[in-house]
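Reviewing the structure listed below.
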Amino acid sequence: MRAASIIAPKTPPMTAPGKFITFEGGEGCGKSTHIMYLIARLRAAGHTVRAVREPGGTDIGEQIRHVLQYSHQSLAMTPETELLLFCASRAQLVREVIRPALRAGEIIVADRFADSTTVYQGAGRQLPLATIAALNQFAVGDCQPDLTVVLDLDPRVGLERARGRELFDRMENQSLEFYDRVRQGYLDLARREPDRVKIVDAHRSVAEVQQEIWELTRHVVG
Ligand code: TMP
1 MRAASIIAPK TPPMTAPGKF ITFEGGEGCG KSTHIMYLIA RLRAAGHTVR AVREPGGTDI
61 GEQIRHVLQY SHQSLAMTPE TELLLFCASR AQLVREVIRP ALRAGEIIVA DRFADSTTVY
121 QGAGRQLPLA TIAALNQFAV GDCQPDLTVV LDLDPRVGLE RARGRELFDR MENQSLEFYD
181 RVRQGYLDLA RREPDRVKIV DAHRSVAEVQ QEIWELTRHV VG
């Protein structure tokens, strides 16, 4: 892909002793709960774990989150601006937090990462996928997750669960078709990258879902 090759960073491939686990899914899928349980279990097993969230996770990233989330003017934000802000927040997070922690041998558990941009801005907002792939590559380079857990949930259930919680206004006001495209986008991603991206059925009980996440994680962290 020409655009990607022009802007690909020249840094050598990252070989780090740490592990990078990301959580993805639509609104109300239970990411926060499952991340909390997983981190507690990993720590109890003696691992050094660091949690990050997207957008945000750094001072600059939190300011970007604020622009995306709270500004009234953000209701008029164009999809292109939104895409660039998500990538900008991530570029900072990778260099300031994720890479150094992985080099130090930590386990990073991320609440969303580049796949959110592929799926929400690509499948959801229908921006060109080649452009998104090039921007993601520029923002994160070779900093790729070892495991991505997608909590799959019917958006009709998820939006009901998420009601009354902190959500992005612009995101919340999307149509049900938008969230159906997001869900399908994650399923397509898992089909394209089955080794990394694992679909976990989030319609089940918290205990069942947690157990499956733990099995997947154990394969990665050893
Ligand atoms: P959350 O904090 O509840 O996960 O909400 C973050 C919102 O931002 C969610 O609606 C998904 C959206 N989002 C994108 O559209 N693109 C991205 O790259 C990221 C990280 C989040």
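In case it helps, our numbering puts the sequence shown at residues 1 to 222. Beta carbons: idealized from backbone N, C-alpha and C, even for Gly.
Handout entry: Under the three-state DSSP convention, the category D59 falls into
Key = As a first step, residue 59 must be located in the sequence shown, where it is residue number 59. Helix at D59.
Handout entry: S116: CB within 8 angstroms of a non-hydrogen atom of the ligand TMP
Key = On the sequence shown, position 116 is the one that residue 116 refers to. Yes, the beta carbon of S116 sits closer than 8 angstroms to at least one heavy atom of the ligand TMP.
Practice task
Below 8 angstroms CB to CB, which residues in the same chain sit around V140 once its five sequence neighbours on both sides are set aside?
Solution key: Looking up residue 140 in the sequence shown gives position 140. Counting only Cβ-Cβ distances below 8 angstroms, and skipping sequence neighbours, we find R90, A91, V94, F113, A114.
Exercise for the section: Give the DSSP bridge partners of V109, in chain order. Expected result: The residue labelled residue 109 in the question sits at position 109 within the sequence shown. According to DSSP, which records beta bridges pairwise, V109 is partnered with I21, A51.
Practice task
Return the CA-CA distance between T131 and V149, expressed in angstroms with no decimal places.
Solution key: Position 131 of the sequence shown, counted from the first residue, corresponds to residue 131. Position 149 of the sequence shown, counted from the first residue, corresponds to residue 149. Going by the C-alpha atoms only, they are around 24 angstroms apart.
Handout entry: Of the residues E96, T117, V119, T118, the one placed nearest R108, counting alpha carbons only
Key = For the purposes of this step, residue 108 is taken as the residue at position 108 of the sequence shown. With the sequence shown as reference, residue 108 is identified as Ile, and Arg is not the correct amino acid for it. The shortest Cα separation from I108 among E96, T117, V119, T118 belongs to E96.
Problem - Separation of V67 from D154, as counted between CA atoms - result: Working through the sequence shown from its first residue, we reach residue 154 at position 154. Working through the sequence shown from its first residue, we reach residue 67 at position 67. D154 and V67: Cα-Cα distance of roughly 29 angstroms.
Problem - Residue of Q210, P145, S116, Y179 minimising C-alpha distance to P55 - result: Locating residue 55 in the sequence shown gives position 55, counting from the first residue. Of the candidates Q210, P145, S116, Y179, the one whose C-alpha sits nearest the C-alpha of P55 is S116.
Practice task
Give me the Cβ distance between L189 and V119, rounded to the nearest whole Å; I'm assuming they're in contact under 8 angstroms.
Solution key: Position 189 of the sequence shown, counted from the first residue, corresponds to residue 189. Position 119 of the sequence shown, counted from the first residue, corresponds to residue 119. Right, their Cβ atoms sit about 7 angstroms apart.
Exercise for the section: Closer than 7 angstroms by C-beta to F178: which residues in its own chain qualify, once you throw out the five before and the five after it? Chain order, please. Expected result: Within the sequence shown, the letter at position 178 stands for residue 178. If we look at F178 and ignore the five residues flanking it on each side, its Cβ neighbours are G124.
Practice task
Starting from the C-beta of D180, find all residues in its chain whose C-beta is less than 8 angstroms away, skip the five residues before and the five after it, and write them out in chain order.
Solution key: On the sequence shown, position 180 is the one that residue 180 refers to. Excluding positions up to five away in sequence, the list reads P155.
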